[in-house]
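Read the structure below first, then the notes.
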Amino acid sequence: MPFNDILDRHLDSKKTIYHHEILVKGSGFEPCEKKVLLFFEKYQLVRYSEITIQESTSFSASNPEFHDRLEKAVRSNRRILHTLVKELQVENIVTLDDLNELPQGYKTKLLHVITHFLDGFFGIDTYFYNLVEDSHWVSEEMQSRIGINPSDFWLLSLDARI
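Sequential numbering of the sequence shown, starting at 8, is according to this note's numbering.
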């Protein structure tokens with residue numbers, strides 16, 4: 008079922024609280040928390056009225072749970088992207104040639120959200136965000152950096168209210 012306006016998905020889904028996992032580089036929880044809050048304070052595309060970072064479920068890459076949770080978070084993003092692409096296909100956009108005749112409206116907004124997702128722009132649909140690389144994914148180089156200095160990388164768990 009199409010949303011009324013892809014940029015107001017939260018209105019259609021009746022969600023007011025969104026959960027996100029954020030990868031950030033820092034010397035401990037507090038410096039990482041400050042970086043994440045500053046990111047949201049300055050970010051123009053999504054505005055939350057309240058952000059609660061859960062210290063009890065946030066941890067550095069030194070924690071044995073880190074890699075499993077990071078992998079699950081990235082997989083969640085893949086599922087979200089897959090769902091968005093399927094939604095576009097339901098709207099009969101299945102080949103690149105179909106874009107040539109795409110009328111402005113819901114379909115182009117959906118394509119816009121997909122493109123933002125691929126380009127690394129944070130949005131309400133984002134489950135995992137790599138603040139270090141401004142990405143929804145984790146590059147091999149980043150994985151290597153995490154492996155070399157695990158205590159410098161944190162996965163922060165947060166809930167945000169529209």
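We put the CB at the ideal spot given by N, CA and C, even for glycine.
Segment limits, beta strand (DSSP E) that includes LEU30: 24-32
Buried or exposed by the 16-neighbour rule on C-beta atoms within 10 Å, applied to LEU165: buried
Per DSSP, the bridge partner or partners of THR59: ASP166
Touch check for the segment 106-118 and the segment 60-80: three-plus C-beta pairs under 8 Å? Segments in contact, no.
Could you tell me the distance, in whole angstroms, from the CA atom of CYS39 to the CA atom of THR90? 31 Å
With SER65 and TRP161 assumed to form a contact (beta carbons below 8 Å), what rounded beta-carbon distance in angstroms separates them? The pair is a contact, with the Cβ atoms about 6 Å apart (cut-off 8 Å).
Expressed to the nearest angstrom, what Euclidean distance is found between the alpha-carbon atoms of ASP7 and ALA167? Shown here, the chain extends from 8 to 169; a query on residue 7 therefore has no answer.
So for TYR113, helix, strand or coil by DSSP? helix
Give me the Cα-Cα distance between SER69 and ILE169, rounded to the nearest whole angstrom. 32 Å
Quick check on the burial criterion: 16 or more other C-beta atoms within 10 angstroms. Buried or exposed for ASN107? exposed
Consult DSSP for SER146 and reduce its assignment to one of helix, strand or coil. coil
Around the Cβ of LEU52, are there at least 16 other Cβ atoms within 10 angstroms (buried) or fewer (exposed)? exposed
Close beta carbons around ILE133, own chain, < 8 Å, minus the five adjacent residues each side: According to the sequence as given, residue 133 is Thr; it is not Ile. Answer for THR133: HIS27, ASN84, ILE87, PHE124, HIS143, listed in chain order.
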